[in-house]
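Enquirer: Take a look at this one; I'll ask things after.
In my numbering, the protein residues as written are 1 to 338.
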């Protein structure tokens, strides 16, 4: 007995899950609304996932040429407040490259990947929803673009402002990914690639905004998402959701990509047991949900508590004072969101 798994969403969680299930001999079909290669709003560096997780998913080889990021700098409205070294380097790779590699790897392992197919989030046996955020009345907008010629003081940079924050991370071929999360502001009239510097400027990061405007822009790399909420997503009764469809951690943590792979890893054994051994779908869904909830509960709670500090004047002032006095507990904070 080998029942097929259908995965709606061909991103990190969906494709890595497909690769791992195929290694278990499970028949898998992935339904992807878009096509490949494509740019997506994402910080595009992986921090917190282990080599063991990537190996168990069967995708470790896809990161052989990823960039290694060792250092980071944290700025508040153009002023440097903290520098640090990462105990474990982060991996820098664009979604444009990584999603294409994952798709090819999944197809090579025997999975069926159907593009330009928009599935509906419904609860049924053998159906896993990994298609990312579901539209809500959320107040956030995420913006992303690739540029060259942007001056960086460290491998990774975070720039906080009054309306949100942006991260800079090097990816392949000399490009830098600039990705930001901001409170949605409909008074900003810029369009396309001009939106990210406009939001940065509105939040007090004028210098970075000007650097972005003068940098070389990678054609078609701009992407945006709006109207979503952070934290646990509203569940659909009976439907198994993974990745951003299950929970969205605030992006300042640099942990979103890692959580997608870790969630896929947790789901492999229960889904394979359903496919091969006749385990009930309800039992399978409950097992995966319990594992994912247990794995991510602490980091989501800590990130949810820290996120308002980065967006409030008093919170940013406190963090800046602690950093100036060399009292900012950066490594302990980092460990709590890993």
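For glycine and all other residues, C-beta sits at the position ideal for the given N, C-alpha and C.
Values in this document were obtained by computation on a predicted structure and should not be read as measured data.
1) Just to confirm my understanding: we take residue 279, look at its own chain, exclude 5 residues before and 5 after, and list those with CB closer than 8 Å. What are they?
2) Can you tell me whether residue 228 is buried or exposed, with buried defined as 16 or more other CB within 10 angstroms of its CB?
3) If you compare alpha carbons, which of 13, 10, 25 and 20 is closest to residue 2?
4) Would you report the Cα separation of residue 285 and residue 29, rounded to the nearest angstrom?
5) Determine which residues share a DSSP beta bridge with residue 257 and list them.
6) Keeping to the same chain, check which residues put their C-beta closer than 7 Å to that of residue 291; ignore five residues upstream and five downstream.
7) What is the DSSP secondary structure of residue 176, counted as helix, strand or coil?
8) Count the other CB atoms, across all protein chains shown, that sit within 10 Å of the CB of residue 94; report buried if there are 16 or more and exposed otherwise.
9) Would you mind reading off the limits of the beta strand (DSSP E) that contains residue 223?
10) Should the segment 65-77 be regarded as contacting the segment 182-194, the criterion being three or more beta carbon pairs within less than 8 Å?
11) Label residue 234 either buried or exposed according to how many other C-beta atoms from any shown protein chain fall within 10 Å of its C-beta, with 16 as the threshold for buried.
12) If you scan the segment 47-123 from start to end, which runs of the beta strand (DSSP E) of 3 or more residues do you find wholly inside it?
13) Quick one: measure Cβ to Cβ for residue 163 and residue 217, integer angstroms, because I've assumed they're closer than 8 Å.
14) Verify whether the separation of the beta carbon atoms of residue 76 and residue 160 is less than 8 Å.
15) If the criterion is Cβ atoms closer than 8 Å, does the pair residue 41 and residue 143 meet it?
16) One question on the structure: do residue 31 and residue 243 come within less than 8 Å of each other, judged by their Cβ atoms?
17) Check whether the segment 207-222 touches the segment 138-154, counting contact only when three or more Cβ pairs, one atom from each stretch, lie closer than 8 Å.
18) For residue 275, I'd like the list of residues in its chain whose CB is within less than 7 Å of its CB, leaving aside the five on either flank, ordered along the chain.
19) Excluding the 5 residues preceding and the 5 following residue 56 in the sequence, name in chain order all residues of the same chain whose CB lies nearer than 8 Å to its CB.
20) For residue 160, name the three-state secondary structure that DSSP assigns.
21) Would residue 99 be called buried (16 or more neighbouring beta carbons within 10 Å of its own) or exposed?
22) Within a Cβ cutoff of 7 Å, which residues of the same chain sit near residue 302, ignoring the five residues on either side of it in sequence?
23) Within the same chain, show all residues whose beta-carbon is closer than 7 Å to that of residue 118, passing over the 5 residues directly before and after it, in chain order.
24) The beta strand (DSSP E) that contains residue 142, what's its start and end?
25) Quick one: using the 10 Å Cβ neighbour count with 16 as the cut-off for buried, is residue 220 buried or exposed?
26) Around the Cβ of residue 122, are there at least 16 other Cβ atoms within 10 angstroms (buried) or fewer (exposed)?
Expert: Taking the geometry as given:
1) Locating residue 279 in the chain shown gives position 279, where the first residue counts as 1. Here the set comprises 270 and 273.
2) Here residue 228 is taken as the residue at index 228 of the chain shown, counted from 1. Label assigned to residue 228: buried.
3) For this step, residue 2 is matched to residue 2 along the chain shown. The shortest Cα separation from residue 2 among 13, 10, 25 and 20 belongs to 25.
4) The count along the chain shown starts at 1 and reaches residue 285 at position 285. The count along the chain shown starts at 1 and reaches residue 29 at position 29. The straight-line gap from Cα to Cα measures roughly 18 Å.
5) Within the chain shown, the letter at position 257 stands for residue 257. According to DSSP, which records beta bridges pairwise, residue 257 is partnered with nothing at all.
6) One-based indexing of the chain shown puts residue 291 at position 291. Closer than 7 Å at the Cβ level, and outside the excluded window around residue 291, lie 266.
7) On the chain shown, position 176 is the one that residue 176 refers to. Of the three classes helix, strand and coil, the one that applies to residue 176 here is strand, per DSSP.
8) Position 94 of the chain shown, counting from 1, holds the residue named residue 94. Result: buried.
9) Locating residue 223 in the chain shown gives position 223, where the first residue counts as 1. First-last of the beta strand (DSSP E) with residue 223: 223-226.
10) no
11) Here residue 234 is taken as the residue at index 234 of the chain shown, counted from 1. Exposed is the call here.
12) 67-76, 79-92 and 112-114
13) Counting from 1 along the chain shown, the entry for residue 163 is found at position 163. Counting from 1 along the chain shown, the entry for residue 217 is found at position 217. Incorrect: roughly 22 Å between the Cβ atoms, too far for contact.
14) Counted from its first residue, the chain shown places residue 76 at position 76. Counted from its first residue, the chain shown places residue 160 at position 160. A contact, by the Cβ cut-off of 8 Å.
15) As a position in the chain shown, residue 41 is number 41, starting the count at 1. As a position in the chain shown, residue 143 is number 143, starting the count at 1. Yes, the Cβ-Cβ distance between residue 41 and residue 143 is below 8 Å.
16) By 1-based counting over the chain shown, the position of residue 31 is 31. By 1-based counting over the chain shown, the position of residue 243 is 243. Not a contact, by the Cβ cut-off of 8 Å.
17) yes
18) Locating residue 275 in the chain shown gives position 275, counting from the first residue. Closer than 7 Å at the Cβ level, and outside the excluded window around residue 275, lie 2, 3, 5 and 26.
19) One-based indexing of the chain shown puts residue 56 at position 56. Answer for residue 56: 20, 265 and 268, listed in chain order.
20) The residue labelled residue 160 in the question sits at position 160 within the chain shown. Three-state DSSP puts residue 160 in a strand.
21) Along the chain shown, one-based indexing puts residue 99 at 99. The residue is buried, with at least 16 neighbouring Cβ atoms inside 10 Å.
22) As a working mapping, residue 302 is identified with position 302 in the chain shown. The answer, listed in chain order, is 336 and 337.
23) What you label residue 118 is simply residue 118 of the chain shown in a count that begins at 1. Cβ neighbours of residue 118 beyond the five flanking positions: 33.
24) Residue 142 sits at position 142 when you count from the first residue of the chain shown. Counting along the chain, the beta strand (DSSP E) containing residue 142 begins and ends at 140-148.
25) As a first step, residue 220 must be located in the chain shown, where it is residue number 220. Flag for residue 220 reads exposed.
26) The residue labelled residue 122 in the question sits at position 122 within the chain shown. By the 10 Å Cβ count, residue 122 comes out exposed.
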